[in-house]
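With positions in the sequence shown counted from 1, the corresponding number in my numbering is that position plus 584. Positions of the beta carbon are idealized from the N, C-alpha and C atoms, including for glycine. Because the structure is a prediction, the values reported are computed rather than measured. Encoded as structure tokens, the structure appears first; notes follow it.
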Amino acid sequence: MVDHSTLLTLLEVTVAPDTALTVPNEVKILEIVGVVSSPDMIKALNLAETLVPATTPATLQGLVHLLSGLAKMNPKTPQSSHDTLATLLQNLQNAPDVPLTFGTFLPILRSFLTAASKKPEHEARERHERERPAESERERPSRRRGGEAEAV
């Protein structure tokens, strides 16, 4: 499987930076690159994707509101993140909202992925996945008589 950073890089080189981002694009990309990965949050994103018209432009304030709502759904989100998002929302209320393009959205995602990769639980999960043998490399009991183990 391709890692999230590679997927983000692929988007950065294949989509022109001035291409307008729509809400359904935004929602799908958040899931694909791994910014949102919890099954409950993915269900919420999928619901949003089906309810919002396909041509709805994504905006900076909309992104922050979406992320804030998702953070509230996640019990693992630290209070400091809630505080940061609340402050950001408050500051954005005084500024005009701006439409997002791929050139503004993808660097935001890159910073999320960079921050997430520095979290201890993320490092532990990656280490566990590297050390765990792939499904095809594991041994499983044979269906043949004698119960010998065979590599798949």
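Buried versus exposed, by CB contacts within 10 Å (16 or more), residue i
| i | result |
| --- | --- |
| Pro608 | buried |
| Ala642 | buried |
| Val597 | exposed |
Cα-Cα separation, residue i to residue j
| i | j | result |
| --- | --- | --- |
| Val682 | Gly653 | 19 Å |
| Leu605 | Ser622 | 23 Å |
| Pro691 | Val636 | 24 Å |
| His649 | Leu673 | 7 Å |
| Gln677 | Pro601 | 26 Å |
| Glu633 | Asn675 | 27 Å |
| Asp624 | Lys656 | 12 Å |
| Leu614 | Thr639 | 17 Å |
| Asp667 | Val611 | 23 Å |
| Phe686 | Ala699 | 20 Å |
| Gln645 | Phe689 | 12 Å |
| Val619 | Ala679 | 25 Å |
| Val599 | Ile616 | 15 Å |
Residue i: first and last residue of the uninterrupted alpha helix (DSSP H) it sits in
| i | result |
| --- | --- |
| Gly653 | 644-657 |
| Pro691 | 686-701 |
| Lys660 | Note, Lys660: premise wrong, no alpha helix (DSSP H); not H, not E. |
Report task. Evaluate the contact criterion for the region 690-703 versus the region 658-667: three or more CB pairs, one atom per stretch, below 8 Å. Result -> no
Requested in this report: For the region 624-640 and the region 587-601, state whether three or more C-beta atom pairs, one from each stretch, are separated by less than 8 Å.
Outcome: no
Requested in this report: Just list the alpha helix (DSSP H) runs in the region 593-622, keeping only unbroken ones of 4 residues or longer that don't cross its boundaries, in chain order.
Outcome: 607-616
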